[in-house]
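Data block below; observations after.
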Amino acid sequence: MCNIHATSPSTLNNNSAQILLRALYLKVMATRSRLIEKTPHPEQRQTSPIEAFAMDSKAKSILSDVLLLPATRGSILSGRNRMNALGWNYLCITLTADIDLLEIASGRDGLEAASAALVRVVKWSQSTSARRAVLHAAQVFDILDSSRIRESHLTRPDLVLFVSALVISQYVLVCNHNTVPLGAPTFELLQDIDWAQIRDEGLGAVTGLLPPLEHQRAPAMANTAQSFLQQGGPISFGGEFQKFGHIAARRMARKFAHLMDGFGKWDGCSYSRLLRARMMESTRLTFDWLFSY
1 MCNIHATSPS
11 TLNNNSAQIL
21 LRALYLKVMA
31 TRSRLIEKTP
41 HPEQRQTSPI
51 EAFAMDSKAK
61 SILSDVLLLP
71 ATRGSILSGR
81 NRMNALGWNY
91 LCITLTADID
101 LLEIASGRDG
111 LEAASAALVR
121 VVKWSQSTSA
131 RRAVLHAAQV
141 FDILDSSRIR
151 ESHLTRPDLV
161 LFVSALVISQ
171 YVLVCNHNTV
181 PLGAPTFELL
191 QDIDWAQIRD
201 EGLGAVTGLL
211 PPLEHQRAPA
221 MANTAQSFLQ
231 QGGPISFGGE
241 FQKFGHIAAR
251 RMARKFAHLM
261 DGFGKWDGCS
271 YSRLLRARMM
281 ESTRLTFDWL
291 FSY
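For the sequence shown, my numbering gives the first residue as 1, with consecutive numbering after it.
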């Protein structure tokens, strides 16, 4: 495996950046598999993978490598390097959201499993990790909507979009306006995020793991992304205010599905159909689940 600190930013070209991202991805997946084996029962696991990483001494260096990329290797994620940015955001999603849990909650394994999973999804949705996952998922949509990327060196872009849709739609589905801070500003999800400034913000127990900035970071309210990560609040998507609940979740899923329909090379329409079916089932299950308590 490569060492992120071994190569200076000036010598890291696009090819080596792709190798670096692949290496980090493989390390994250291997670590996740190892941690899952240690806790075979899903109900005993953390709702956010990164919480489990933070408690494992071998995994902490991986977190630092991933989270420091925008600050130490920002050039490989900016400008025309949209494929690298896509890969990095997907990497961060795998750390901040349990995709398997979200799929189970959407009905993949049946009603009983979905009901149990929804309890954990609600808990996850109230965490800073969930809001961080939502930010990364929105970035994925923005990248694929504004560029013609139809391939990726980590995984298929249509799969990345499908995963991102699960994250945002499940978050919108289970969130409640009653938990939104009074007077909180509406946060626009489709905007450029200064990840070098955000660093490890919104990562729960991991926050504070990285070495301090050379310059003091701005107060949270001076950065709307930091404010959203810390406190939550109402959201908009492409300038459209998003109400929480099953109607908004379906509408959000349709936006992603429509974008997937253009992925002809990878037959993205299959993921589009799967997303629509999962979201229909998920909203029905959530409606039944809410009235069973």
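For each residue, glycine too, the CB sits at the ideal point set by N, CA and C.
A quick note: this is a predicted structure, and the numbers were derived from the prediction, not measured.
Quick test of your reading: residue i and residue j, contact by CB under 8 Å. State the CB separation rounded to the nearest angstrom.
i: Ala17; j: Ile76; result: 4 Å
i: Val140; j: Asn176; result: The Cβ separation is near 25 Å, so there is no contact.
i: Val174; j: Ser125; result: 5 Å
i: Val167; j: Val119; result: Not quite, the Cβ-Cβ distance comes to about 18 Å (not below 8 Å), so this is no contact.
i: Val172; j: Phe256; result: At roughly 12 Å, the Cβ-Cβ gap does not stay under 8 Å, so Val172 and Phe256 are not in contact.
i: Pro70; j: Ala196; result: 4 Å
i: Ala137; j: Ile93; result: 6 Å
i: Leu91; j: Leu21; result: 7 Å
i: Leu86; j: Ile143; result: 5 Å
By the three-class DSSP mapping on this structure, what secondary structure does residue i have?
i: Gln170; result: helix
i: Phe237; result: strand
i: Gln231; result: helix
i: Glu112; result: helix
i: Gln126; result: coil
i: Thr47; result: coil
i: Cys92; result: helix
i: Gly268; result: Low per-residue confidence applies at Gly268: pLDDT is 47, beneath 50, and the placement is therefore not dependable, though the value from the model is reported in the following sentence. Three-state DSSP puts Gly268 in a helix.
i: Gln216; result: Low per-residue confidence applies at Gln216: pLDDT is 49, beneath 50, and the placement is therefore not dependable, though the value from the model is reported in the following sentence. Coil.
i: Gly74; result: helix
i: Thr39; result: coil
i: Met260; result: helix
i: Leu20; result: helix
i: Ser58; result: A small fix is needed here, since residue 58 is Lys in this sequence, not Ser. In this structure, Lys58 counts as coil in the three-state DSSP scheme.
i: Ala105; result: helix
i: Thr155; result: coil
i: Leu68; result: helix
i: Ser146; result: helix
i: Asp200; result: coil
Please state whether the Cβ-Cβ distance between residue i and residue j is less than 8 Å.
i: Ile50; j: Ser164; result: no
i: Phe53; j: Leu95; result: yes
i: Gly202; j: Leu159; result: no
i: Gly238; j: Phe187; result: no
i: Ile247; j: Leu189; result: no
i: Leu12; j: Arg82; result: no
i: Ser48; j: Ala97; result: yes
i: Arg32; j: Thr39; result: no
i: Leu101; j: Ala117; result: yes
i: Pro157; j: Phe263; result: yes
i: Asp65; j: Leu35; result: no
Check the DSSP bridge columns for residue i and list the partner residues they point to.
i: Phe187; result: Ile235
i: Gln330; result: Because the chain in this structure spans residues 1 to 293, residue 330 falls outside the shown range and cannot be described.
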